[in-house]
Amino acid sequence: MRRPFIILAVMLFAALFAGIAIDYTERQSLRPLAANYVKRVPQELGAPNIITGILLTYRGFDTLGEVAVLFMVAAGVGLVLGERSLPRRDDVPAEPEEIIPSTELVQNGAAVLFPLISIFAAYIIMNGHLSAGGGFQGGAIIASGVMLLLLARPEYRIDHGFLGTTESLAGVLFVLAGIAGLIFAGGFLDSRMLPLGQFGAFFSAGAIPIISVLLGVKVGCELSVIIDRFRG
Amino acid sequence: MAELIGSILILLGAIFLFSAGLGLLRMPDVFTRLQAGTKASTLGNMLVLSGVAFYHPGWSLKLLIVIYFVLLTNPISSHALARAAHAIGVPMTRATVTDALRDARETDRSAR
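Residue numbers (my numbering), protein chains in the order written: chain S, 1 to 232; chain L, 1 to 112.
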């Protein structure tokens, strides 16, 4: 009885997507808004990666809001899942959970992979203004490396104080960079407060790389804390 | 000639990747699915990537790094998944007759 329905659903999806795929024609020209950004970002900001230019300068305030949302998530998860150390009401000492150690294979694999993942994350963050990537993506990669470490060494305890301090520091510096943009350039988080430099060079595009690094550190710390909270 | 070799390698890789997908669908339990998925997709990935290397010799070093990464991560993650599934007692299919990990654990326990 189920099989005909499944086949019917698959056929319907196929018809739907076929309609979309057949009707799709690639736009030959950019929309006016996109054309505007494509022209302005390399000229005004000196960043080959247009998306990073938009996200970190024209929509810098938006990005600050996104980071704030992520911070709320981390705080909420901590509030819900982080109350493990409270004393039990019935004064029974909590039995230590039996932790199954991970195998040598996983531990050695993590030891080899963690540096690679960290280097990749640093590359993604530092080249945010040149190629695909940026602070958010790089921070997520850092957190994936931390997750691997937690899988390989379940007994390892993350220092939440250190992560929290680092994250807060990055957040404060992010806002300060925004205010510096207000003072020295055209608006909040305006990356033109630093010299643009040579187009396409590693040190270029004004303050975008610095803002990227701050974002990467902040997102990496937040996601690491969230992952550690879920360990339970 | 190089393009022909590359095409054949990519086709072979695609066949292995297809068999990995087929294995995921058709195998009866977690462990056999993991086995089918891991082995076939590791080999399929490597074949496709080396096929691409024949098309673009300039990318060879990068592709080699990607293959190294696949070789490093794919088996280890499957290994960890299989151990985890075994630890929480995911049932095996009835056709499986040996459980070397359980036997090893038991001899461990009796030795202690």
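In this text, a Cβ means the ideal position worked out from N, Cα and C, and glycines have one as well.
Quantities reported herein were computed from a predicted structural model and do not represent experimental measurements.
Do residue j and residue i have their beta-carbon atoms positioned less than 9 Å apart in this structure?
i: I138 of chain S; j: A110 of chain S; result: Note that residue 138 of chain S corresponds to Gly in the displayed sequence, not to Ile. No; because the gap between Cβ atoms is not below 9 Å, this pair is not in contact.
i: E102 of chain S; j: L151 of chain S; result: A small correction: the amino acid at residue 102 of chain S is Ser; Glu does not occupy that position in the sequence shown. Result yes, Cβ atoms of S102 of chain S and L151 of chain S sit closer than 9 Å.
i: V219 of chain S; j: F136 of chain S; result: yes
i: T119 of chain L; j: L113 of chain S; result: Residue 119 of chain L lies beyond the range of chain L shown here (1 to 112); nothing can be said about it.
i: G58 of chain L; j: A40 of chain L; result: no
i: T52 of chain S; j: G181 of chain S; result: no
i: L215 of chain S; j: A143 of chain S; result: no
i: L9 of chain L; j: L63 of chain L; result: no
i: L79 of chain S; j: L189 of chain S; result: no
i: D228 of chain S; j: H160 of chain S; result: yes
Could you check if residue i belongs to the surroundings of the ligand HEM, using beta carbon to heavy atom distance under 8 Å?
i: M1 of chain S; result: What this structure holds is no ligand at all, so the ligand HEM is not there to describe.
For residue i, tell me which candidate among the options has the shortest Cα-Cα distance.
i: S19 of chain L; options: L:W59, L:G58, L:Q35 and L:P57; result: L:Q35
i: L116 of chain S; options: L:A104, L:V70 and L:S110; result: L:V70
i: I67 of chain L; options: L:K39, L:R33 and L:S50; result: L:S50
i: I141 of chain S; options: S:E222, S:A9 and S:D23; result: S:E222
i: I65 of chain L; options: L:A84, L:I76, L:Y55 and L:N45; result: L:N45
i: Y37 of chain S; options: S:Q107, S:R59 and S:F71; result: S:R59
i: I210 of chain S; options: S:L70, S:M126, S:H160 and S:Y156; result: S:M126
i: F174 of chain S; options: S:A205, S:G206 and S:S212; result: S:S212
i: R231 of chain S; options: S:P4, S:Y123, S:G19 and S:I158; result: S:I158
Less than 8 Å between the CB atoms is what I'm expecting for residue i and residue j, so what's the real figure, rounded?
i: A74 of chain S; j: V225 of chain S; result: 5 Å
i: G145 of chain S; j: I208 of chain S; result: G145 of chain S to I208 of chain S, Cβ: 24 Å. No contact.
i: L45 of chain S; j: R192 of chain S; result: 7 Å
i: N49 of chain S; j: L130 of chain S; result: 6 Å
i: A87 of chain L; j: V106 of chain S; result: About 13 Å separates the two Cβ atoms, so there is no contact after all.
i: V217 of chain S; j: T165 of chain S; result: Actually they are not in contact, since the Cβ atoms of V217 of chain S and T165 of chain S sit about 11 Å apart, beyond 8 Å.
i: T38 of chain L; j: P75 of chain L; result: 6 Å
Under 7 Å Cβ-Cβ, which residues of chain C neighbour residue i?
i: I76 of chain L; result: No chain C appears in this structure, whose protein chains are S and L.
* Can you find at least 3 beta carbon pairs, one from the region 23–35 of chain L and one from the region 88–103 of chain L, that sit closer than 8 Å? -> yes
* Please specify which runs of the alpha helix (DSSP H), each continuous and at least 4 residues long, are wholly inside the region 29–101 of chain L, giving them in chain order. => For the region 29–101 of chain L, the full-length alpha helix (DSSP H) segments reaching 4 residues or more read 30–55 and 60–87 along the chain.
* To do: Tell me the start and end of each unbroken alpha helix (DSSP H) in the region 133–205 of chain S that is at least 4 residues and wholly inside, in chain order.
  => For secondary structure counted as the alpha helix (DSSP H) over 4 or more consecutive residues, the region 133–205 of chain S holds these complete runs in sequence order: 135–152 and 160–184.
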